[in-house]
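Peer 1: Supplied in structure tokens, the structure appears directly below.
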Amino acid sequence: MGTYLSSPKTEKISQDMSYPHIDYGVSGMQGWRISMEDAHCCIANLGEDEEKYLFGVFDGHGGKEVAEYCAQNISKFLLDTEAYTEGNIKAALKEAFMTIDEAITCDEVIAELKKLGEDNENDADDNDEDEAEMLLKEANMPLEEVLKKFTNEIKVKLISNGLAHDSENEDESEKQVETANASKKKMFKKLPDNLEIYDVSEEKLNNVVSNEVVVSDEATIFKNNNNGKASTTSKDDSLLVSADKKNLLGETAGSSSDMASIEDGSSHIDINHDEDNGSCQVDNDDKDDIDYVIQNDDDDNDDDSDEESEDGSEYSEDDGFQDSEGVQFQQGSEQVGKDSGTTAVVAMLHGNKLYVANAGDSRCVLCRNGKAIDMSIDHKPEDELERKRIKNAGSKITSDGRVNGGLNLSRAIGDHNYKQNKSIPSEEQAITACPDIQELLLSKEDSFMVLACDGIWNVMSSEEVIQFVKKRIDESDEKIKLSTICEELFDKCLSPNTENDGSGCDNMTCIIVRFKHQILENKISQKRANADEQYIPNKKQKK
């Protein structure tokens, strides 16, 4: 997802349950994203066995349908494996991941995924209605109030932020251009031919709203020559604020004769300030080269698969997108399960044995002796093992850590556009659903575990999350709901705005499972006693 809401959806959907061996709490929050694409499962009495529990977190991308399908069906696929009936849980978990991934390509499952996708579109429509209602309200507000509303957003900057510079001071401007070109990536948007750019240096804007003009993101203020109105475009074009040039720029905005420049690494545009009206005229003989205006670059830091190109890419109808090194960019598909997928971290508890299977960058962390123990490994393309597999599958990793310019994950369920090499097995595809699996014997030192999506782990480390949860469990006078701790964790991670690298702006899902060791130990002791009782008589009979 490359688009954010203008304000986060902070409603949490939570649940708490208690069973003989464990308590758990789970919660999910949409946050800044335009839709909720996470899903989870919490299953007690797995296979009608009161000592078996299954927990999973699924972080979808390109839609929620694959994540939802996995959450609803992973237990069925697990129970149906031959390995499970034989008691080989590790093999059963691997088989479940691989078979559910394969099932996504079947017509029957595709139809089900489409239905889940339609539900997702309805959710997005609801969000659009909320946004439209808010925009309508803002349209009827005085300009000053609209601007005040966004005082926490980043100030408009061109000259001062290194993306534009004063050409009269070449030494300083060269440094600023180097700073601009060193940025990971800058997004540009083509302007209509009938637009001219205003001077948006801060000193020109200090006549509005207590000497400070603020708009969402690094927007550019421009005017349309047809009607003489000035406008600002926000980061996702969902907000458009218009005002008369005189009110926005002030009466005295026309005294400068300096020149500013904008560079994107390949083109250079000089902007001359008009002394009469304070606007900037583009000075360039080749009008076809005047294409760009600096726009928000939030999407550069998106962790999902929407953004599938990078700076230096070129497009041809025959070859598709290629970067400067000739990397073929992943071609999209409208078919569900091909251009959409999900991470999966699944924890199965069987008595005092814990099994964790993981594909992607959702994570399971255990609290042992008050410290964090990672029960899963994030799968990223730049990791040596992952990089080798991706290369052997005939794919490449772009400089921003994405497979063929698309996914920044190296393992996922779904995403079958990345699994088209028919000469290699599923486990060796560029993107594979094959999980890493960990097994651990629980002891008294293990108090709880946390499963969560990267909306949490991109903000806090495993150790930080464990300490956050532990502190609230230990210091609570009353028995605090585990879902309440999940909710507090979301509030802790939620970013106040989207003016960052995307951390704290993602969907958030978290499950906390607390172990009841006394009951587990009693069960194990009873089983041993029963085994001894059955064994001793047989021994006497032999005598």
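In this text, residue positions in the sequence shown follow this note's numbering: the first is 14, and each later residue adds one.
Cβ atoms here follow ideal geometry from the backbone N, Cα and C, with glycine treated the same way.
All figures in this text were calculated on a predicted structure; none of them were measured in a lab.
Exposed or buried, what is K77 when buried is set at 16 or more other beta-carbons lying within 10 Å of its beta-carbon?
Peer 2: By 1-based counting over the sequence shown, the position of residue 77 is 64. Buried is the call here.
Peer 1: Could you tell me if D120 is buried or exposed, where buried requires 16 or more neighbouring beta carbons within 10 angstroms of its beta carbon?
Peer 2: Counted from its first residue, the sequence shown places residue 120 at position 107. When all chains shown are included, D120 counts as exposed.
Peer 1: May I have the straight-line CA-CA distance separating D319 from D519, to the nearest angstrom?
Peer 2: Here residue 319 refers to the residue found at position 306 when the sequence shown is read from its first residue. Here residue 519 refers to the residue found at position 506 when the sequence shown is read from its first residue. Interpretation of D319 is limited by its pLDDT of 41, a score under 50 that renders its predicted location unreliable; the figure taken from the coordinates is listed afterwards. Spanning the two alpha carbons is a distance of roughly 14 Å.
Peer 1: Which value, in whole angstroms, describes the spacing of the CA atoms of R424 and H392?
Peer 2: Reading the sequence shown from its first residue, position 411 is the one you call residue 424. Reading the sequence shown from its first residue, position 379 is the one you call residue 392. Their backbone Cα atoms lie some 6 Å apart in a straight line.
Peer 1: Counting beta carbon pairs with one atom in the segment 445–455 and one in the segment 38–57, are three or more of them shorter than 8 Å?
Peer 2: With the cut-off at 8 Å, the segment 38–57 and the segment 445–455 do not touch.
Peer 1: Please report the Cβ distance between I123 and V349, rounded to the nearest whole angstrom; I am assuming they are in contact, meaning their Cβ atoms lie under 8 Å.
Peer 2: On the sequence shown, residue 123 is found 110 positions in, with the first residue counted as 1. On the sequence shown, residue 349 is found 336 positions in, with the first residue counted as 1. About 6 Å; that satisfies the 8 Å criterion.
Peer 1: Pull up the DSSP beta-bridge partners for E99, would you.
Peer 2: Numbered from 1 along the sequence shown, position 86 holds the residue referred to as residue 99. BP columns for E99 are empty, so no partner.
Peer 1: Hey, C377 and A360 are a contact pair by Cβ (cut 8 Å); roughly how many whole angstroms apart?
Peer 2: Looking up residue 377 in the sequence shown gives position 364. Looking up residue 360 in the sequence shown gives position 347. Contact flag correct, Cβ pair sits at about 5 Å.
Peer 1: For the beta strand (DSSP E) containing N371, name the first residue and the last one.
Peer 2: Here residue 371 refers to the residue found at position 358 of the sequence shown. N371 -> beta strand (DSSP E) spans K366 to A372.
Peer 1: Can you give me the Cβ contacts of S460 inside the same chain, cut-off strictly under 6 Å, excluding the 5 residues immediately before and after it?
Peer 2: To locate residue 460, count along the sequence shown from 1; it is residue 447. These residues qualify, in order along the chain: C380.
Peer 1: Should I26 be labelled buried (16 or more other beta-carbon atoms within 10 Å of its own) or exposed?
Peer 2: The count along the sequence shown starts at 1 and reaches residue 26 at position 13. By the 10 Å Cβ count, I26 comes out exposed.
Peer 1: Could you tell me which residues DSSP puts in a beta bridge with F90?
Peer 2: Here residue 90 is taken as the residue at index 77 of the sequence shown, counted from 1. F90 is not bridged to any residue.
Peer 1: Taking 6 Å as the limit between beta carbons, can you name the residues of its chain near L67, skipping five residues before and five after?
Peer 2: In the sequence shown, the residue the question calls residue 67 occupies position 54. The residues are I56, L59, S88 and M361.
Peer 1: Would M30 be called buried (16 or more neighbouring beta carbons within 10 Å of its own) or exposed?
Peer 2: Along the sequence shown, one-based indexing puts residue 30 at 17. Exposed: under 16 other Cβ atoms inside 10 Å.
Peer 1: Output the boundary residues of the beta strand (DSSP E) element that contains C506.
Peer 2: On the sequence shown, position 493 is the one that residue 506 refers to. C506 -> not in any beta strand (DSSP E); alpha helix (DSSP H) instead, spanning L495 to C506.
Peer 1: Does the segment 397–406 come within contact of the segment 464–477, defined as at least 3 CB pairs closer than 8 Å?
Peer 2: As far as the Cβ criterion goes, the segment 397–406 does not touch the segment 464–477, which means the pair count is below three.
Peer 1: For the beta strand (DSSP E) containing R381, name the first residue and the last one.
Peer 2: Translated into the one-based positions of the sequence shown, residue 381 becomes position 368. Where R381 is concerned, the enclosing beta strand (DSSP E) stretches over R376 to R381.
Peer 1: Keeping to the same chain, check which residues put their C-beta closer than 7 Å to that of Q590; ignore five residues upstream and five downstream.
Peer 2: Past the edges of the chain, shown from 14 to 556, lies residue 590, and the structure says nothing about it.
Peer 1: Determine which residues share a DSSP beta bridge with Q451 and list them.
Peer 2: For the purposes of this step, residue 451 is identified with residue 438 of the sequence shown, where counting begins at 1. Paired residue(s): V369.
Peer 1: Looking at the structure shown, is A109 part of a helix, part of a strand, or coil, going by DSSP?
Peer 2: Position 96 of the sequence shown, counted from the first residue, corresponds to residue 109. Helix at A109.
Peer 1: DSSP puts I386 in a beta bridge; with which residues?
Peer 2: The count along the sequence shown starts at 1 and reaches residue 386 at position 373. DSSP lists L379 as partners of I386.
Peer 1: Does DSSP classify V122 as helix, strand or coil?
Peer 2: To locate residue 122, count along the sequence shown from 1; it is residue 109. Helix, per DSSP.
Peer 1: Would you give the residue range spanned by the beta strand (DSSP E) that R527 belongs to?
Peer 2: Residue mapping note: residue 527 aligns to position 514 of the sequence shown, counting from 1. Taken as a continuous stretch (DSSP letters only), the beta strand (DSSP E) holding R527 covers M521 to F528.
Peer 1: Does the segment 498–514 come within contact of the segment 480–490, defined as at least 3 CB pairs closer than 8 Å?
Peer 2: Contact holds: three or more Cβ-Cβ distances are below 8 Å.
Peer 1: Between the Cα of T118 and those of D428, T356, D93 and G468, spot the shortest distance and give me the residue it belongs to.
Peer 2: Locating residue 118 in the sequence shown gives position 105, where the first residue counts as 1. Ranking the options by Cα distance to T118, first place goes to D428.
Peer 1: Can you say whether N417 is buried or exposed, counting buried as having 16 or more other CB atoms within 10 angstroms of its CB?
Peer 2: Position 404 of the sequence shown, counted from the first residue, corresponds to residue 417. Buried.
Peer 1: Give every residue of the same chain whose Cβ lies closer than 7 Å to the Cβ of I469, excluding the five residues on either side of it in the sequence, and list them in chain order.
Peer 2: To locate residue 469, count along the sequence shown from 1; it is residue 456. Closer than 7 Å at Cβ, skipping near neighbours: V478, L502, C506, M521 and C523.
Peer 1: Let me know the secondary structure DSSP gives S27 once reduced to three states.
Peer 2: For this step, residue 27 is matched to residue 14 along the sequence shown. If DSSP states are grouped into helix, strand and coil, S27 belongs with the strands.
Peer 1: Within 10 Å of its beta-carbon, does A243 have 16 or more other beta-carbons around it, so buried, or fewer, so exposed?
Peer 2: If you number the sequence shown from 1, residue 243 lands on position 230. Only weak support is given to the placement of A243: the predicted model assigns it a pLDDT of 40, under 50, and the value that follows is read from those uncertain coordinates. Classification for A243: buried.
Peer 1: If we ignore side chains and look at the alpha-carbon of each, how far apart do H74 and T355 end up?
Peer 2: As a working mapping, residue 74 is identified with position 61 in the sequence shown. As a working mapping, residue 355 is identified with position 342 in the sequence shown. Distance between the alpha carbons of H74 and T355 is about 6 Å.
Peer 1: Around the C-beta of V39, are 16 or more other C-beta atoms found within 10 angstroms, so that it is buried, or is it exposed?
Peer 2: Position 26 of the sequence shown, counting from 1, holds the residue named residue 39. Counting Cβ neighbours within 10 Å, V39 comes out buried, since at least 16 surround it.
Peer 1: Flag this pair as yes or no: are the beta carbons of Y37 and I525 separated by less than 8 Å?
Peer 2: Translated into the one-based positions of the sequence shown, residue 37 becomes position 24. Translated into the one-based positions of the sequence shown, residue 525 becomes position 512. Against a cut-off of 8 Å, the Cβ pair of I525 and Y37 comes out as a contact.
Peer 1: Given this structure, state the Cα-to-Cα distance separating M154 from E512, to the nearest angstrom.
Peer 2: Walking along the sequence shown from the start, residue 154 turns up at place 141. Walking along the sequence shown from the start, residue 512 turns up at place 499. Straight-line Cα distance between these residues: approximately 24 Å.
Peer 1: Whole angstroms is fine: what's the gap from A96's alpha carbon to M111's?
Peer 2: Residue 96 sits at position 83 when you count from the first residue of the sequence shown. Residue 111 sits at position 98 when you count from the first residue of the sequence shown. Whole-angstrom Cα-Cα distance: 13 Å.
Peer 1: Please name the residue, chosen from D374, A406, Q442 and I410, that lies closest to D72 on a Cα-to-Cα basis.
Peer 2: Here residue 72 refers to the residue found at position 59 when the sequence shown is read from its first residue. Nearest of D374, A406, Q442 and I410 to D72, Cα basis: D374.
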